[in-house]
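**Student:**
Numbering (our numbering), first residue to last: 957 to 1337.
Below you can see the structure in the form of structure tokens.
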């Protein structure tokens, strides 16, 4: 039996998480289970049973979202969270908006197709969403928690991760094209395409906008791109299947979640190399922690890593590279964010809170009326 249970430990910031079934939001400061005292064999005090007989006991309240949340982005004022839900049908793919002050989903917008890319503009009145298989970047106007369709920009080759540049343009990973597209959303067009590694996935940008970093699934690397010269200056080898990226506030360290290596590469951008590998193998298991998301506390003193295979967030001390403890999450956490405005850690749970009867579907080969009976959710600590 596998169990995630909170034990006494250091109090952390509040955390908001999203996953598969109805949930609620944290109202109090949670504690992280210590790395040494995190007991996998103890039965869960509360929670749900998974198909493999593991138990989950998420630390906090949760908010119901759409189907399969995979990425989120905070509005510039820290009030709202936009989440891309990447379910398997056009009826379940949507962008959800959560009011982080009230802990409620306040609106949503359906899209034909979506993937992980999300970004607000500087003023927070525009939201950009990668359309994945639809081959476009959706543009929404945003005000008071409500999304309104405002157009789209064609982007080929399965647009994935994206990031906002200081000049208002977007850097978009063309996942099936091995390129980064520089997109001018105002003009509604691509201004340049820059070759990078194989299957680019996620994108982040230096604060001054002079460097774009891209995680490359297929190459096991991070591309360093100069948007002014429109060239890739180098590739830095990481672990297997690099996904999430987070840059320290001073730009001195870039953290890369290597999902298939169960570690985080720490890159010194100035030196152009990996200076540390943070081991995330869970409690001595040979494989399966599957880090998917990264977030840094504002002071850089804590690195939060969502572990999809362990149904928890690892809390890491970046200075030592050691895991200080774990925050129990929902089933298969796909991402984690830190909201400095409201002092929240936000975890997206890709599969929610567990299993149960599904009399309304999904039913393969039929047109069941309720194909999204199981809704994913989020938790906030």
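The beta carbon of each residue, even a glycine, is placed where N, CA and C say it ideally should be.
1) Anyone know if the C-beta pair for residue 1012 and residue 1252 falls short of 8 Å?
2) Compare the Cα-Cα distances from residue 1217 to each of 1250, 1281, 1196, 1206 and report the closest residue.
3) Extract the residue ranges of the beta strand (DSSP E) inside the stretch 1139-1164, only unbroken runs of 3 or more that lie entirely within it.
4) Check whether the stretch 1251-1265 touches the stretch 1280-1290, taking contact to mean three or more Cβ pairs, one atom from each stretch, closer than 8 Å.
5) To the nearest angstrom, report how far apart residue 1294 and residue 1301 are at their CA atoms.
6) What do you reckon, are the CB atoms on residue 1127 and residue 1178 nearer than 8 Å?
7) For residue 979 and residue 1059, I'd like the C-alpha separation in whole angstroms.
8) Please state if the CB of residue 1247 and the CB of residue 1214 are separated by a distance shorter than 8 Å.
9) Put residue 1089 into one of helix, strand or coil per three-state DSSP.
10) To the nearest whole angstrom, what separates the beta carbons of residue 1299 and residue 1285, a pair I think is in contact under 8 Å?
11) Please list the segments of the beta strand (DSSP E) lying wholly inside the stretch 1231-1304, counting only runs of 3 or more residues, in order along the chain.
12) Given this structure, state the Cα-to-Cα distance separating residue 1091 from residue 1006, to the nearest angstrom.
13) So, with DSSP's three-state summary, where would you put residue 1041?
14) Distance, Cα to Cα, residue 1208 vs residue 1192?
15) Compare the Cα-Cα distances from residue 1134 to each of 1120, 1170, 1152 and report the closest residue.
16) Give a yes or no on whether the C-beta atoms belonging to residue 1132 and residue 1157 are separated by under 8 Å.
17) Which word fits residue 1052, buried or exposed, when buried means at least 16 other C-beta atoms lie within 10 angstroms of its C-beta?
18) Nearest to residue 1280 by CA position, among 1014, 1238, 1049, is which residue?
19) Per DSSP, what kind of secondary structure is residue 1203 in: helix, strand or coil?
20) Smallest Cα separation from residue 1118: which of 1080, 1073, 1077, 1097?
21) Using 8 Å for Cβ pairs, my map puts residue 1054 next to residue 1061. What's the rounded Cβ distance?
22) Taking buried to mean at least 16 other C-beta atoms within 10 Å of its own C-beta, is residue 1269 buried or exposed?
23) Tell me which residues share the same chain as residue 1075 and place their Cβ nearer than 8 Å to its Cβ, disregarding the 5 neighbours each side in the sequence.
24) Below 6 Å CB to CB, which residues in the same chain sit around residue 1088 once its five sequence neighbours on both sides are set aside?
25) Considering only the beta carbon of each residue, do residue 1093 and residue 1139 sit closer than 8 Å?
26) Which same chain residues end up closer than 6 Å to residue 1168 when comparing Cβ atoms and leaving out the 5 residues on each side of it in sequence?
27) Is residue 1025 closer than 8 Å to residue 1041 when the C-beta atoms are compared?
28) For residue 1071, which three-state DSSP category applies?
29) Do residue 1190 and residue 1228 have their CB atoms nearer than 8 Å?
30) Could you tell me the distance, in whole angstroms, from the CA atom of residue 1064 to the CA atom of residue 1145?
31) Should residue 1038 go down as buried or exposed, given a rule of 16 or more other Cβ atoms within 10 Å for buried?
32) Quick one: what's got a C-beta closer than 8 Å to residue 1078's C-beta in the same chain, skipping five residues either side?
33) Please work out which residues of its chain come closer than 8 Å, Cβ to Cβ, to residue 1034, disregarding the five sequence neighbours upstream and downstream, and give them in chain order.
34) Tell me whether residue 1049 sits in a helix, a strand or coil according to DSSP, three-state version.
35) So, with DSSP's three-state summary, where would you put residue 1024?
36) Is residue 1107 helix, strand or coil when you go by DSSP?
**Tutor:** On the basis of the coordinates in this document:
1) Within the chain shown, residue 1012 is the residue found at index 56, counting from 1. Within the chain shown, residue 1252 is the residue found at index 296, counting from 1. Not in contact: residue 1012 and residue 1252 (Cβ atoms no closer than 8 Å).
2) Indexing the chain shown from 1 puts residue 1217 at position 261. Checked all of 1250, 1281, 1196, 1206; the closest Cα to residue 1217 is 1196.
3) 1145-1151, 1156-1161
4) Cβ pair count under 8 Å is three or more, so yes.
5) By one-based count along the chain shown, residue 1294 stands at place 338. By one-based count along the chain shown, residue 1301 stands at place 345. Each residue's alpha carbon lies about 5 Å from the other.
6) Taking the first residue of the chain shown as 1, we reach residue 1127 at position 171. Taking the first residue of the chain shown as 1, we reach residue 1178 at position 222. No, Cβ-Cβ distance for residue 1127 and residue 1178 is not below 8 Å.
7) Mapped onto the chain shown, residue 979 falls at position 23. Mapped onto the chain shown, residue 1059 falls at position 103. Here the model assigns residue 979 a pLDDT of 29, short of 50, so the residue's position is not dependable, and the following value carries that caveat. Each residue's Cα considered, the two are about 10 Å apart.
8) Taking the first residue of the chain shown as position 1, residue 1214 is located at position 258. Taking the first residue of the chain shown as position 1, residue 1247 is located at position 291. Judged by their CB atoms, residue 1214 and residue 1247 are nearer to each other than the 8 Å cut-off.
9) Your numbering for residue 1089 matches position 133 in the chain shown. Three-state result, residue 1089: helix.
10) Position 343 of the chain shown, counting from 1, holds the residue named residue 1299. Position 329 of the chain shown, counting from 1, holds the residue named residue 1285. That pair is no contact at about 18 Å.
11) 1247-1252, 1259-1263, 1268-1273, 1278-1284, 1287-1295
12) In the chain shown, the residue the question calls residue 1091 occupies position 135. In the chain shown, the residue the question calls residue 1006 occupies position 50. Distance from the CA atom of residue 1091 to the CA atom of residue 1006, rounded to whole angstroms, is 35 Å.
13) For the purposes of this step, residue 1041 is taken as residue 85 along the chain shown, with counting starting at 1. Strand, per DSSP.
14) Within the chain shown, numbered from 1, the residue matching residue 1208 stands at position 252. Within the chain shown, numbered from 1, the residue matching residue 1192 stands at position 236. Between residue 1208 and residue 1192, the C-alpha separation is close to 15 Å.
15) Residue numbering aside, residue 1134 sits at position 178 when the chain shown is read from its first letter. Restricting attention to 1120, 1170, 1152, the CA atom closest to the CA of residue 1134 is found in 1152.
16) Taking the first residue of the chain shown as 1, we reach residue 1132 at position 176. Taking the first residue of the chain shown as 1, we reach residue 1157 at position 201. In this structure, residue 1157 does not lie closer than 8 Å to residue 1132 by Cβ.
17) Indexing the chain shown from 1 puts residue 1052 at position 96. Buried is the call here.
18) If you number the chain shown from 1, residue 1280 lands on position 324. Closest option to residue 1280, Cα to Cα, is 1238.
19) Position 247 of the chain shown, counted from the start, is the residue given in the question as residue 1203. Three-state result, residue 1203: strand.
20) Start at 1 with the first residue of the chain shown, and residue 1118 comes out as number 162. For the residues 1080, 1073, 1077, 1097, the minimum Cα distance to residue 1118 belongs to 1073.
21) Here residue 1054 refers to the residue found at position 98 of the chain shown. Here residue 1061 refers to the residue found at position 105 of the chain shown. That pair is a contact at about 5 Å.
22) Looking up residue 1269 in the chain shown gives position 313. Counting Cβ neighbours within 10 Å, residue 1269 comes out buried, since at least 16 surround it.
23) In the chain shown, residue 1075 corresponds to position 119, counting from 1. 1029, 1083, 1084, 1118, 1119, 1120, 1126.
24) For the purposes of this step, residue 1088 is taken as the residue at position 132 of the chain shown. 1069, 1070, 1071, 1114.
25) Here residue 1093 refers to the residue found at position 137 of the chain shown. Here residue 1139 refers to the residue found at position 183 of the chain shown. Taking 8 Å as the Cβ cut-off, residue 1093 and residue 1139 qualify as a contacting pair.
26) Locating residue 1168 in the chain shown gives position 212, counting from the first residue. Counting only Cβ-Cβ distances below 6 Å, and skipping sequence neighbours, we find 1127, 1161, 1181, 1183.
27) Here the question's residue 1041 lines up with position 85 in the chain shown. Here the question's residue 1025 lines up with position 69 in the chain shown. It is a contact, given that the beta carbons lie within the stated cut-off.
28) Position 115 of the chain shown, counting from 1, holds the residue named residue 1071. Residue 1071 falls in the coil class under three-state DSSP.
29) Position 234 of the chain shown holds residue 1190. Position 272 of the chain shown holds residue 1228. Cβ distance < 8 Å, so residue 1190 and residue 1228 count as in contact.
30) As a first step, residue 1064 is located in the chain shown; it is residue number 108 there, counting from the start. As a first step, residue 1145 is located in the chain shown; it is residue number 189 there, counting from the start. Each residue's alpha carbon lies about 26 Å from the other.
31) By one-based count along the chain shown, residue 1038 stands at place 82. Burial call: buried.
32) Taking the first residue of the chain shown as 1, we reach residue 1078 at position 122. 1032, 1120, 1124.
33) For the purposes of this step, residue 1034 is identified with residue 78 of the chain shown, where counting begins at 1. So the list reads 1056, 1295, 1296, 1297, 1298, once near-sequence residues are dropped.
34) What you label residue 1049 is simply residue 93 of the chain shown in a count that begins at 1. In the structure shown, residue 1049 sits in coil (DSSP, three-state: anything other than H, G, I, E or B).
35) Taking the first residue of the chain shown as position 1, residue 1024 is located at position 68. Residue 1024: coil per DSSP, three-state reduction.
36) Within the chain shown, residue 1107 is the residue found at index 151, counting from 1. Here residue 1107 sits in strand by DSSP.
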